[in-house]
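What follows is a set of notes on a single structure, which appears directly below.
Protein chains in written order, with our numbering: chain G, 2 to 151; chain E, 17 to 188.
Below, the structure written as structure tokens:
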């Protein structure tokens, strides 16, 4: 009987923690799935601008739990034989997301909140320094947005 | 009673397993990421800016001024280029003709220049060959000066002489 009580208590603890975890749910979409910076004369276009990137997100069941959204690039802009530092990309974002002066390959927090957030949409525009020093080639990277809570 | 306990613990273990699976599923969404792929294409591109469109060499005493500098002073050249790998970027200059007046000619070889700036070099003008004025091996924006000198001589007949210089910036 005592063992049964302990087992039942353990189930309840697991159930409670599980329900907390189950209740918190993130939704995150980024569109478009790919884009190209336009080319241009570096003298007249010292920066080239991406099309508008839409970030849609929703947090439910968070209770009093803090959560964050971060941005990073998976690598520098890389061609077959050369690289462009990803720090040459800055971005502007509509509230509540934060803008940044230099993208990095590690996460930079662009939003911190506690509790739920209804379906929200922000737009982000990326700006790449357009330098004469770039070598001919096609350069690629991936920009990742991440929602997380501790 | 003992049977009931067994039933309870068996059910409990099943329930615990289900809850653990559900918990694991939820944890798979934290963190949750979404991404967009970015690309940028750099094409071959060159751009050349020359500060002066005309050069004038004033009449001077050949004894006191054997080399006449251009009145405009040094010509500033800005060469911008994006090339592939380490291919050479070359700035060349060539005269369309000797210095000619209505009746007479001064050989274009009388026109020389000195240069300053990374990659820039001095030389002697030619009508038959584009002379290299500068070269570089990597993409970039380069600025230098070319100071033109005309060899002065008592042998030159009176007249107003002219020619055209053409700069060419190229990558392979």
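Even glycine gets a Cβ: it sits at the ideal position worked out from N, Cα and C.
Between the CA atoms of residue j and residue i - distance to the nearest angstrom
i                     : j                     : result
residue 110 (chain G) : residue 36 (chain G)  : 23 Å
residue 52 (chain G)  : residue 127 (chain G) : 8 Å
residue 87 (chain G)  : residue 101 (chain E) : 20 Å
residue 47 (chain G)  : residue 91 (chain E)  : 26 Å
residue 145 (chain E) : residue 65 (chain E)  : 22 Å
residue 179 (chain E) : residue 104 (chain G) : 53 Å
residue 58 (chain E)  : residue 157 (chain E) : 15 Å
residue 183 (chain E) : residue 45 (chain G)  : 22 Å
residue 60 (chain G)  : residue 68 (chain G)  : 9 Å
residue 54 (chain G)  : residue 188 (chain E) : 37 Å
residue 131 (chain E) : residue 63 (chain E)  : 19 Å
residue 120 (chain G) : residue 30 (chain G)  : 11 Å
residue 151 (chain G) : residue 77 (chain G)  : 28 Å
residue 95 (chain E)  : residue 161 (chain E) : 11 Å
residue 99 (chain G)  : residue 79 (chain G)  : 26 Å
residue 168 (chain E) : residue 159 (chain E) : 29 Å
residue 118 (chain G) : residue 50 (chain G)  : 29 Å
residue 120 (chain E) : residue 90 (chain G)  : 60 Å
residue 47 (chain E)  : residue 70 (chain G)  : 9 Å
residue 39 (chain G)  : residue 135 (chain G) : 14 Å
residue 42 (chain G)  : residue 103 (chain E) : 20 Å
residue 181 (chain E) : residue 51 (chain E)  : 53 Å
residue 173 (chain E) : residue 166 (chain E) : 15 Å
residue 80 (chain E)  : residue 126 (chain E) : 17 Å
residue 122 (chain G) : residue 25 (chain G)  : 19 Å
Residue j beta carbon less than 8 Å from that of residue i
i                     : j                     : result
residue 122 (chain E) : residue 115 (chain E) : yes
residue 98 (chain E)  : residue 56 (chain G)  : no
residue 128 (chain E) : residue 135 (chain E) : no
residue 55 (chain E)  : residue 74 (chain E)  : no
residue 63 (chain G)  : residue 116 (chain G) : yes
residue 49 (chain E)  : residue 147 (chain G) : yes
residue 72 (chain E)  : residue 111 (chain E) : no
residue 144 (chain G) : residue 72 (chain G)  : yes
residue 61 (chain E)  : residue 27 (chain G)  : no
residue 131 (chain G) : residue 53 (chain E)  : no
residue 139 (chain G) : residue 95 (chain G)  : no
residue 106 (chain G) : residue 74 (chain G)  : yes
residue 155 (chain E) : residue 92 (chain G)  : no
residue 163 (chain E) : residue 78 (chain E)  : no
residue 68 (chain E)  : residue 108 (chain E) : no
residue 117 (chain E) : residue 176 (chain E) : yes
First and last residue of the uninterrupted beta strand (DSSP E) at residue i
i                     : result
residue 141 (chain G) : 138-149
residue 163 (chain E) : 156-167
residue 128 (chain G) : 118-130
residue 180 (chain E) : Counting along the chain, residue 180 (chain E) falls outside any beta strand (DSSP E), and DSSP gives it neither H nor E.
residue 133 (chain G) : Neither: residue 133 (chain G) is in no beta strand (DSSP E) and is coded neither H nor E.
residue 27 (chain G)  : 26-32
residue 124 (chain E) : First-last for residue 124 (chain E): undefined, no H or E at that position.
residue 102 (chain G) : Residue 102 (chain G) -> no beta strand (DSSP E), and no H or E assigned at all.
residue 65 (chain G)  : Segment: none, residue 65 (chain G) is in no beta strand (DSSP E) and carries neither H nor E.
residue 92 (chain G)  : 90-94
residue 150 (chain E) : 147-152
residue 136 (chain E) : No beta strand (DSSP E) contains residue 136 (chain E), which DSSP labels as neither H nor E.
residue 115 (chain G) : 109-115
residue 49 (chain G)  : 48-50
residue 35 (chain G)  : 35-38
Start-end ranges of the beta strand (DSSP E) lying completely within the stretch 43-104 of chain E, minimum 3 residues: 48-58, 61-66, 83-85, 91-98
Using a beta-carbon distance cut-off of less than 8 Å, what residues from the stretch 53-80 of chain E approach chain G? 53, 54, 55, 56, 57, 58, 59, 60, 61, 63
Positions along the stretch 31-44 of chain G whose CB lies within less than 8 Å of some CB in chain E: 31, 32, 33, 34, 35, 36, 37, 38, 40, 42, 43, 44
Which residues, in chain order, does the stretch 88-112 of chain E contribute to contact with chain G at a C-beta distance below 8 Å? 96, 97, 98, 99, 100, 101
For the stretch 52-70 of chain G, list every residue whose C-beta sits within 7 Å of some C-beta in chain E, in sequence order. 54
Could you run through the stretch 132-146 of chain G and flag, in chain order, every residue whose CB is less than 9 Å away from some CB of chain E? 132, 133, 134, 135, 136, 137, 138, 139, 140, 141, 142, 143, 144, 145, 146
Using a beta-carbon distance cut-off of less than 8 Å, what residues from the stretch 155-170 of chain E approach chain G? 155, 156, 157
Determine which residues of the stretch 95-112 of chain G have a Cβ less than 7 Å from any Cβ of chain E, and write them out in chain order. none
Of the residues that make up the stretch 74-85 of chain G, which ones have a beta carbon closer than 9 Å to any beta carbon in chain E? 74, 75, 78, 80, 82, 83, 85
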